[in-house]
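K.L.:
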Ligand SMILES: *Cc1c(COP(=O)(O)O)cnc(C)c1O
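Numbering (the working numbering), first residue to last: 106 to 488.
Rendered as structure tokens:
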């Protein structure tokens with residue numbers, strides 16, 4: 106290897122992962138100050154951040170953003186345990202690890218749970234889902250994942266929302282890996298709550314989850330929560346009264362998110378961000394297929410967020426060497442997490458541009474050559 110490794114604006118390896126992600130130098134630079142949590146300057150920035158998120162969601166006047174200190178899962182757990190009452194029942198739509206995680210959260214919190222599970226490469230069947238709601242009147246809430254990051258599949262969230270509303274139930278959405286890049290507009294997609302975080306498509310740094318909550322539904326959540334820190338009703342009440350967090354907020358993360366949202370707007374908002382990610386995904390998928398690699402998903406199910414590739418079956422291909430060779434060249438990829446197939450993943454999100462994807466493809470080619478692997482396909486021994 107003779108060429109200089111690829112690097113982010115601050116000289117770090119590029120993260121082709123599901124998060125945390127490569128961020129811009131200016132987002133990181135926003136963090137080199139201190140603020141008091143009761144400082145008017147910080148309170149104003151936080152308020153702006155929460156209002157901008159409601160705007161991005163198309164939810165002005167109907168919803169409020171309630172932030173949760175922690176990673177995205179903290180927001181998902183806060184959403185489920187604050188919105189589903191102890192007497193409620195949650196139907197969890199599962200086709201990957203994040204659906205499984207939601208089920209576990211509900212079970213630990215002692216909520217009644219039903220599941221509708223399909224394989225990781227298969228979206229839920231809407232007629233089947235609707236029938237489950239018709240047949241089980243005890244179900245009060247439905248939980249669905251927008252882009253299931255386990256495989257990269259885009260689930261039919263608008264269709265799910267329409268049938269849940271038609272059946273008079275409440276929808277909770279995990280849009281963690283899609284929000285900010287794939288449109289989900291609350292004026293068209295009816296939900297009570299949607300969880301996402303600072304560090305995925307908004308390109309902030311990790312440390313803040315948030316839930317976009319329907320005002321009328323949140324008002325009914327008093328006393329539902331099974332923990333103090335994840336009580337969205339209480340957290341929202343704190344903001345309404347004082348504009349402040351109940352407990353120490355990740356100040357630097359929130360200020361950086363404010364900068365990241367500014368850059369998101371400069372790029373053209375959800376449409377602009379989504380366009381760049383779709384270009385990244387197209388360059389990556391076309392280039393990998395040209396080397397024989399096969400994607401798990403057909404194009405029509407693939408979200409432009411993260412791409413799952415079947416592991417090549419050439420015995421000369423050793424994943425650890427592949428991973429290390431790419432890392433040496435400045436590209437960090439991600440192992441697979443699938444049960445249906447041996448795989449690895451490459452992400453398209455974060456501060457990455459199509460030229461970065463072309464660089465990653467050249468690095469893949471070099472590492473394959475070093476391993477003397479001529480074809481990245483899984484079909485050699487598989488069939
Ligand atoms: C990243 C992600 C989460 C949250 O994961 P954390 O590691 O807790 O930030 C939840 N759901 C989906 C679909 C995700 O992609």
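By construction, the Cβ of each residue, glycine as well, lies at the ideal position given by its N, Cα and C atoms.
Every value quoted in this text rests on a predicted model; they were computed, and no experiment measured them.
Inspect the beta-carbon positions of residue 200 and residue 262 and report whether they are closer than 8 angstroms.
P.N.:
Residue 200 sits at position 95 when you count from the first residue of the chain shown. Residue 262 sits at position 157 when you count from the first residue of the chain shown. Their beta carbons are not under 8 angstroms apart, which means residue 200 does not touch residue 262 by this criterion.
K.L.:
Just confirm the distance between the C-beta atoms of residue 230 and residue 445, as a whole number of angstroms; I'd bet it's less than 8 angstroms.
P.N.:
In the chain shown, the residue the question calls residue 230 occupies position 125. In the chain shown, the residue the question calls residue 445 occupies position 340. About 17 angstroms separates the two Cβ atoms, so there is no contact after all.
K.L.:
Would you kindly work out how many angstroms separate the C-alpha atoms of residue 80 and residue 127, rounded to a whole number?
P.N.:
Missing from the structure shown is residue 80; the chain here goes from 106 to 488 and no further.
K.L.:
Verify the contact flag: residue 418, CB atom, against every heavy atom of ligand 1, threshold strictly below 7 angstroms.
P.N.:
Residue 418 sits at position 313 when you count from the first residue of the chain shown. Checking the Cβ of residue 418 against ligand 1 gives no.
K.L.:
Looking at residue 203 and ligand 1, is the gap between the Cβ and the nearest heavy atom below 7 angstroms?
P.N.:
In the chain shown, counting from the first residue as 1, residue 203 sits at position 98. Answer for residue 203: yes, Cβ within range of ligand 1.
K.L.:
Just the C-alpha distance for residue 155 and residue 238, rounded to the nearest angstrom, thanks.
P.N.:
The residue labelled residue 155 in the question sits at position 50 within the chain shown. The residue labelled residue 238 in the question sits at position 133 within the chain shown. Going by the C-alpha atoms only, they are around 33 angstroms apart.
K.L.:
Verify the contact flag: residue 254, CB atom, against every heavy atom of ligand 1, threshold strictly below 7 angstroms.
P.N.:
By 1-based counting over the chain shown, the position of residue 254 is 149. Yes, the Cβ of residue 254 comes within 7 angstroms of a heavy atom of ligand 1.
K.L.:
Beta-carbon within less than 8 angstroms of residue 265's beta-carbon, same chain only, minus the 5 sequence neighbours each way: which residues are those?
P.N.:
Along the chain shown, one-based indexing puts residue 265 at 160. Sequence-distant partners of residue 265 (beyond 5 residues in either direction) whose C-beta falls short of 8 angstroms from its own C-beta, in its chain, are 198, 229, 231, 234, 247, 249 and 276.
K.L.:
Select from 409, 477 and 337 the residue whose C-alpha is nearest the C-alpha of residue 183.
P.N.:
The sequence position of residue 183 within the chain shown is 78, counting from 1. The shortest Cα separation from residue 183 among 409, 477 and 337 belongs to 337.
K.L.:
Identify, in the order they occur along the chain, each residue of the same chain with its Cβ nearer than 8 angstroms to the Cβ of residue 480, setting aside the five sequence neighbours on each side.
P.N.:
What you label residue 480 is simply residue 375 of the chain shown in a count that begins at 1. Here the set comprises 396, 397, 417 and 419.
K.L.:
Rank 218, 260 and 307 by C-alpha distance to the C-alpha of residue 362 and give the top, closest one.
P.N.:
In the chain shown, residue 362 corresponds to position 257, counting from 1. Nearest option by C-alpha distance: 307.
K.L.:
Report the three-state DSSP secondary structure of residue 113 (helix, strand or coil).
P.N.:
As a first step, residue 113 must be located in the chain shown, where it is residue number 8. Coil.
K.L.:
Please find out if some non-hydrogen atom of ligand 1 comes closer than 7 angstroms to the beta-carbon of residue 429.
P.N.:
The residue given as residue 429 occupies position 324 in the chain shown. No, ligand 1 has no heavy atom inside 7 angstroms of this Cβ.
K.L.:
Which parts of the stretch 392 to 455 are runs of the alpha helix (DSSP H), unbroken and 4 residues or longer, counting only runs that do not cross its ends?
P.N.:
424 to 433
K.L.:
Measure the CB-CB distance between residue 317 and residue 168 and report whether it falls below 8 angstroms.
P.N.:
Your numbering for residue 317 matches position 212 in the chain shown. Your numbering for residue 168 matches position 63 in the chain shown. Yes, these two residues count as a Cβ contact at 8 angstroms.
K.L.:
So the candidates are 241, 325, 375 and 180; which of them puts its Cα closest to the Cα of residue 301?
P.N.:
Within the chain shown, residue 301 is the residue found at index 196, counting from 1. Nearest C-alpha to residue 301 among 241, 325, 375 and 180: 180.
K.L.:
Run through the DSSP bridge pairs and tell me what residue 359 is partnered with.
P.N.:
Here the question's residue 359 lines up with position 254 in the chain shown. DSSP output for residue 359 lists no bridge partner at all.
K.L.:
Beta carbon of residue 250: closer than 7 angstroms to some heavy atom of ligand 1?
P.N.:
Mapped onto the chain shown, residue 250 falls at position 145. It does: the Cβ of residue 250 is within 7 angstroms (strictly closer) of some heavy atom of ligand 1.
K.L.:
For residue 326 and residue 202, what's the separation of their Cα atoms in angstroms?
P.N.:
Mapped onto the chain shown, residue 326 falls at position 221. Mapped onto the chain shown, residue 202 falls at position 97. Approximately 27 angstroms, taken between the alpha carbons.
K.L.:
When we look at the beta-carbon of residue 369 and count the other beta-carbons within 10 Å, is it buried (16 or more) or exposed?
P.N.:
One-based indexing of the chain shown puts residue 369 at position 264. It is buried - the Cβ of residue 369 has at least 16 other Cβ atoms within 10 Å.
K.L.:
Under a three-way DSSP split, which group does residue 251 fall into?
P.N.:
On the chain shown, position 146 is the one that residue 251 refers to. Residue 251: coil per DSSP, three-state reduction.
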